[in-house]
Structure formats: structure tokens, C-alpha cells
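First residue of the sequence shown: 10, per the numbering used here; consecutive thereafter. Using N, Cα and C, we set each Cβ at its ideal position, and we do this for glycine too.
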Amino acid sequence: IGDLCHIETREDAEDVLAEVVGFSDHRMLLMPLGEINRVAPGSTVAAANHEVAVPTPEAALGRIIDGLGNPIDGKGPLIYNYGVSIRNSPPDPLTRKPITESFSTGISAIDLFAPVGRGQRLGIFAGSGVGKSTLLGMFVRGSEADVNVIALVGERGREVREFVESTLSPQEMARSVIVVSTSDQPAMLRLRAAFLATAIAEGFRDKGENVLFMMDSVTRFAMAQREIGLSVGEPPASRGYPPSVFSLLPRLLERTGNSSTGSITAFYTVLVEGDDMNEPIADSVRGILDGHVVLSRTIATANIFPAVDVLESISRLNTQICSKAELDLIARARSLLATYRQNEDLINIGAYAKNSNPAIDEAIEKRNLIVELLRQDHQEVRHRAEGFEALKEVLS
């Protein structure tokens with residue numbers, strides 16, 4: 010399972026590449042990596058005797074490639090490392106460096122309320138149209154990473170060029186690698202794009218680089234595996250997802266993070282169906298990653314961007330990467346926002362009498378100041394230290 014095969018096609022067209030995904034009645038089950046409209050009964054199938062090659066880190070910089078590692082940007086051929094698998098094992102747990110350094114994203118809502126450590130893995134949970142892609146662009150502009158590796162899995166074809174031309178400047182593109190597999194491509198190709206992008210990020214990490222890895226989205230990766238699993242006869246489980254989806258997710262997500270030489274700080278977007286944060290993929294991914302950032306449709310409707318719900322977002326490494334003073338600021342700001350939210354209906358209808366509760370009075374006074382601090386233009390970059398200084402001033 011996992012080997013590649015060539016399927017001979019009619020009219021001397023190019024062979025179709027396929028991957029072995031299972032066995033049934035002494036026959037192999039194959040999933041194609043390309044169009045199969047020229048495959049006919051009796052077509053010859055032969056072992057490829059090779060794996061998809063991974064471009065070398067130096068050759069991949071500034072390039073856009075597909076799920077098979079082929080360049081699609083018209084900038085010429087790539088140099089490949091034929092000894093690297095796209096399905097590497099995660100680093101040994103005992104060789105991973107502990108996460109002790111902070112990683113500035115340039116986004117106040119995240120740096121202040123879900124602080125990120127170098128080598129941490131976070132999920133971006135949101136419904137459709139709430140600003141996930143815009144947030145990824147803000148990460149690229151504001152982060153302190155040496156290299157950006159971006160996997161666009163199952164995206165609309167229109168969005169790929171928009172992301173490259175509108176989100177990334179020439180300088181940002183020069184230190185980025187983009188791996189693309191659009192929604193119209195075969196499920197196996199979408200799956201391989203995620204594995205290939207992770208392998209490229211691992212190549213940079215092995216060279217001692219500080220890598221920012223972003224994948225949009227894990228949900229479409231899971232949907233691709235669901236399509237494959239159901240087609241080979243796996244039983245559907247939760248919401249139609251077969252068991253293989255839930256075994257494959259940790260094998261992909263655990264590969265990022267720190268190793269003994271470098272780091273991969275990773276952000277994975279999760280498209281929550283019907284804004285249900287407890288749907289199966291969101292629930293599984295949340296249990297694997299080191300924290301999550303929730304984008305709220307209600308906040309986006311109020312024209313507050315990035316639409317981060319700071320009370321629902323959390324980092325599991327706060328205590329390792331934040332000072333005592335920073336933790337105190339975060340706790341106080343969260344408390345004020347939580348107090349305001351608990352009493353928001355009373356405040357909005359005018360039922361709350363001023364000076365009847367000091368905590369609510371302070372929450373009303375500070376809430377709008379905190380919200381304005383978190384509001385940020387998508388082109389603006391705020392360093393982590395500047396954000397904490399501004400928050401300290403608001404709370405003083």
C-alpha cells in the first residue's frame with residue numbers, strides 16, 4: 010500500500026499515475042493521481058518503482074508546485090531530492106526541543122490572547138467567509154520566520170492566484186514555498202499535496218531554519234481521505250468519515266513542531282460545518298494541536314477584523330512562553346471581556362444601573378478600548394512587545 014503504478018492509456022496518451030490504496034479478492038485497488046478518461050478495460054498496469062520526489066529546500070524557495078512536486082509557475086524545472094519520502098515519521102518525542110521561545114505573529118489578537126511559541130501548532134477554526142485566508146496572509150507579513158511553507162489543499166482555483174498576487178509581496182514570495190492542489194483535482198492528489206508541503210517544511214527544519222507552515226485546510230484534507238476510504242470499502246463512522254481519517258490526522262499534524270535542529274511553527278485552518286465547533290474533524294484536530302484560534306461570524310458581522318473570538322481561543326503554552334507580568338495582563342483582560350459578555354444583554358437593553366457592580370462598571374469602561382486594540386488592518390504589523398505595552402496602557 011502506498012506504491013505508485015503507471016496505467017497505460019489509449020491513443021498513446023501519457024500514462025496515468027495511480028497509488029495502491031488497498032486489496033480486494035486478490036486484486037489491487039488503485040486511486041488515480043490524474044484524469045482517467047483515456048483508461049479502458051485491459052489497460053496495462055505496471056509498478057512505477059519510484060516515489061514522488063521532494064524538491065530540495067533551496068530549489069523550492071519562491072516557487073509554486075503541485076501535489077506531485079511539479080512546478081506550475083512557469084519558472085523552469087526544479088532540483089529534487091530522491092531519497093526523501095513525503096510520508097516521514099514525526100520526530101522522536103525525546104529529541105524534540107521544548108517550546109520556550111515566543112513567536113510573534115504580528116497580530117495583536119493572537120499574540121495577546123493566544124500567545125504562540127516557536128514550534129507550536131495551532132488550529133484556526135472558522136466557518137466559511139469569516140477571514141481565514143486573510144489571516145494567513147497576515148501571518149506571512151507579520152511573522153519572524155525564516156521561511157514560509159503554504160499548503161493550499163482543496164481550494165478554489167480562483168483563490169490561488171489571488172493569494173499569490175494580492176496577499177504576498179515579491180519579497181514575501183521570495184522566502185515562501187506554495188504547494189497547491191485545487192478542489193477539482195483527484196482526492197489522492199489533494200492528500201499528497203499536504204504530505205509534500207510538510208516534507209518540504211521538514212527539509213528546511215533539518216537545515217536549522219525557523220519555518221512558518223500554514224495549511225488551508227485540514228477539513229478538505231480529511232474530506233479527500235473520506236472519499237478514498239469510502240471508495241475502498243471502509244465503513245462510514247461519524248458524519249460519514251471512515252476510521253482511516255482519524256488515524257491519518259495525527260500522522261500528518263505531529264510531523265510539524267520542534268526537532269533537535271530547527272522548528273516548524275504551524276497553523277492549520279479547520280472549516281467548521283455550520284459553525285459547529287464540535288463536529289468530528291474540529292473535535293479531533295483540537296485534541297491533537299497545542300491550541301486553537303476561533304474566528305467568529307458575529308464579530309466579523311460587526312466589522313471587527315481579524316474576527317478572533319479571544320474568549321474562545323486558547324494557547325496551551327501560555328505559561329512556558331509568557332512572563333508573569335504578561336500572564337497577569339492576559340488574565341485581567343480576559344476577565345473584563347468575560348464579565349462584559351455575561352452581562353451584555355442587560356447592558357444593551359439599558360437594564361444595568363451604573364455603579365451597582367464595580368466589576369461590570371470597569372468591564373463597560375475598558376471593553377471598547379480592548380476591542381479597538383484588537384482591531385487591525387490586514388496590512389498592519391504589530392510586534393508582540395508593542396501589543397503588550399498597549400494592553401498595559403489600556404488596563405492601567
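Asked                                                                                                                                                             : Found
Determine the DSSP secondary structure at V294, reduced to helix, strand or coil.                                                                                 : helix
Which stretch, first to last residue, makes up the alpha helix (DSSP H) that contains M147?                                                                       : K141 to G151
Can you give me the start and stop residues for the beta strand (DSSP E) that V162 sits inside?                                                                   : V156 to E164
If you drop the 5 nearest sequence neighbours on each side, which residues of the same chain put their C-beta closer than 6 Å to that of S305?                    : A316 and D318
Over what stretch of residues does the beta strand (DSSP E) that includes M224 continue unbroken?                                                                 : N219 to D225
Once DSSP output is grouped into helix, strand and coil, what is the label at P100?                                                                               : coil
Where in the region 257-341 do unbroken runs of the beta strand (DSSP E), each at least 3 residues long, occur, reported from the N-terminal end onward?          : 272-280 and 300-303
From the DSSP secondary-structure annotation, give me the bridge partner or partners of F32.                                                                      : M37
Where are the beta strand (DSSP E) runs, 3 residues long or more, that stay fully inside the region 338-402, in chain order?                                      : none
DSSP beta-bridge partners for G132?                                                                                                                               : Y277 and H301
Within 10 angstroms of the Cβ of T104, are there 16 or more other Cβ atoms? Answer buried if so, exposed if not.                                                  : exposed
Going by DSSP in three states, D21 sits in which element: helix, strand or coil?                                                                                  : helix
Given a threshold of 16 other Cβ atoms within 10 Å of its Cβ, counted over all protein chains shown, does D225 qualify as buried or as exposed?                   : buried
Provide the residue span of the alpha helix (DSSP H) that contains T207, from first to last.                                                                      : A196 to D215
Taking the Cβ atom as the reference point for each residue, do R384 and I313 lie within a distance shorter than 7 Å?                                              : yes
Report the three-state DSSP secondary structure of S137 (helix, strand or coil).                                                                                  : coil
What span of residues does the alpha helix (DSSP H) with L121 cover, start to end?                                                                                : S117 to F122
Identify every residue that forms a DSSP beta bridge with I187.                                                                                                   : I73 and I159
Can you tell me which of the three DSSP states V241 falls into?                                                                                                   : coil
Can you find the residues in the same chain that come closer than 6 Å, C-beta to C-beta, to G396, ignoring five residues on each side of it along the sequence?   : S117, D120 and L121
Using the three-state DSSP reduction, which class does A56 fall into: helix, strand or coil?                                                                      : strand
Looking only at DSSP bridge pairs, what is V63 linked to?                                                                                                         : N90
Three or more beta-carbon pairs under 8 Å between the region 190-208 and the region 244-253, yes or no?                                                           : no
Taking DSSP as the reference, what is the three-state secondary structure of I175?                                                                                : According to the sequence provided, residue 175 is Ser. The question's Ile does not apply to it. Of the three classes helix, strand and coil, the one that applies to S175 here is helix, per DSSP.
Residue range of the beta strand (DSSP E) that I10 falls in?                                                                                                      : Here I10 belongs to no beta strand (DSSP E), and DSSP marks it neither H nor E.
Considering only C-alpha positions, which residue in the set L378, Y349, P86 and D82 is nearest to M182?                                                          : D82
Go ahead and label H59 buried or exposed: buried means 16 or more other beta carbons lie within 10 angstroms of its beta carbon, across all protein chains shown. : exposed
P50 by DSSP, collapsed to three states: which one?                                                                                                                : coil
Run through DSSP, which three-state label would A68 get?                                                                                                          : helix
Out of N327, K333, H301 and A340, point me to the one whose CA is closest to E321's CA.                                                                           : H301
Going by C-alpha to C-alpha distance, which of S175, E236, Y349 and T270 sits closest to L39?                                                                     : E236
Roughly how many angstroms lie between the CA atoms of A160 and I358, to the nearest whole one?                                                                   : 46 Å
Which of the three DSSP states is assigned to A231 in this structure?                                                                                             : helix
Comparing alpha-carbon positions, which option in A49, C14, G78 and G71 lies nearest A21?                                                                         : Reading the sequence as shown, one finds Asp at residue 21 and not Ala. Closest option to D21, Cα to Cα, is A49.
Quick one, are the C-beta atoms of F230 and A203 less than 7 Å apart?                                                                                             : yes
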